[in-house]
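Chains as they are written, first to last, in our numbering: chain G, 677 to 788; chain F, 171 to 285. Every residue, glycine too, gets a C-beta built ideally from N, C-alpha and C. Structure first, commentary second.
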């Protein structure tokens with residue numbers, strides 16, 4: 677069955693520090709992978725996506741993610757975190773046309 | 171370009187009642203998906219509509235139903251509300267499907283509280 681695991685429920689980093697959010701997926705074929713961000717009380721904003729090609733993808737707000745097929749991972753990274761990055765981050769896999777399967781999310785807190 | 175909009179923003183209903191939530195898709199998008207996000211969880215797929223036909227359904231009972239209109243806007247209807255239906259309901263639209271890969275654009279959601 678298709679699934680997404682985000683092992684870290686909460687992460688706290690200092691402003692200016694680097695960030696890596698982990699995501700592991702289970703999917704039989706080549707996955708389409710996404711990272712979304714959700715600020716409190718709001719909908720989801722697409723940060724970046726991987727469909728094929730270069731395994732390092734760039735997104736908005738200075739985020740990037742690397743697809744590693746051998747590890748079934750799609751980790752999100754940012755070299756220097758800003759206080760405005762505090763939010764909840766969701767990794768998702770598309771099983772095809774029909775639906776996105778989301779992980780449980782990682783809540784990011786940023787200390788000044 | 172107008173993004174995905176949803177109405178109402180918040181809603182409070184009593185157990186057993188029925189509710190209708192509305193979604194206007196982003197301009198040029200003909201596919202609409204609905205998700206339920208319970209507190210502290212990731213969104214769960216309810217169903218998807220493509221050109222006014224249901225095009226896939228998640229693990230939700232039949233009392234969750236939907237419609238898509240010719241202008242690609244959509245409704246989510248929930249009958250016989252239960253306390254566990256309290257959640258943020260998200261609508262997402264996407265453009266014409268090409269090659270099986272597409273991205274979904276989400277609205278701000280409707281917060282439903284069932285008492």
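Checklist entry - Among F/259, F/277, F/210 and F/244, which has the Cα closest to the Cα of residue 284 of chain F? => result F/259
Next on the checklist: For the structure I just gave you, are there three or more beta carbon pairs, one from the stretch 724 to 738 of chain G and one from the stretch 182 to 189 of chain F, closer than 8 Å?
Outcome noted: no
Checklist entry - For the stretch 712 to 765 of chain G, which segments carrying the beta strand (DSSP E) assignment without a break, of at least 3 residues, lie completely within its bounds, in sequence order? => result 720 to 726, 732 to 734, 740 to 744 and 749 to 754
Checklist entry - Touch check for the stretch 746 to 763 of chain G and the stretch 698 to 711 of chain G: three-plus C-beta pairs under 8 Å? => result yes
Checklist entry - Comparing alpha-carbon positions, which option in G/742, G/784 and G/730 lies nearest residue 760 of chain G? => result G/784
Checklist entry - Per DSSP, what kind of secondary structure is residue 697 of chain G in: helix, strand or coil? => result strand
Checklist entry - Which chain G residues are close to residue 231 of chain F, counting only those with a beta carbon under 9 Å from its beta carbon? => result The premise fails here: residue 231 of chain F is roughly 17 Å from chain G at the closest Cβ pair, so nothing lies under 9 Å.
Checklist entry - In terms of DSSP beta bridges, what is residue 180 of chain F paired with? => result F/281
Next on the checklist: In this structure, how does DSSP classify residue 253 of chain F when only helix, strand and coil are distinguished?
Outcome noted: helix
Checklist entry - For chain G, is any of its Cβ atoms less than 8 Å away from the one on residue 260 of chain F? => result yes
Checklist entry - Using the C-alpha atoms, what's the distance from residue 709 of chain G back to residue 730 of chain G? => result 13 Å
Next on the checklist: Let me confirm a value: residue 788 of chain G is counted as buried when at least 16 other C-beta atoms fall within 10 Å, else exposed. Which label applies?
Outcome noted: Around the beta-carbon of residue 788 of chain G, fewer than 16 other beta-carbon atoms lie within 10 Å, marking it exposed.
Item to check | Inter-residue Cα distance where the pair is residue 265 of chain F and residue 220 of chain F | outcome: 10 Å
Item to check | Beta-carbon proximity check, residue 737 of chain G vs residue 228 of chain F, cutoff 8 Å | outcome: no
Checklist entry - What residues from the stretch 693 to 722 of chain G come within 9 Å of chain F, judged by C-beta to C-beta, listed N to C? => result 708, 710, 712, 714, 717, 718, 719, 720, 721 and 722
Item to check | Listed by chain order, chain F residues near residue 775 of chain G by CB distance under 8 Å | outcome: Correct list: 203, 215, 218, 226 and 228.
Item to check | Rounded separation between residue 728 of chain G and residue 744 of chain G - CA only | outcome: 12 Å
Next on the checklist: Once the 5 residues before and after residue 191 of chain F are set aside, which same chain residues still bring their CB inside 6 Å of it?
Outcome noted: 246, 259 and 280
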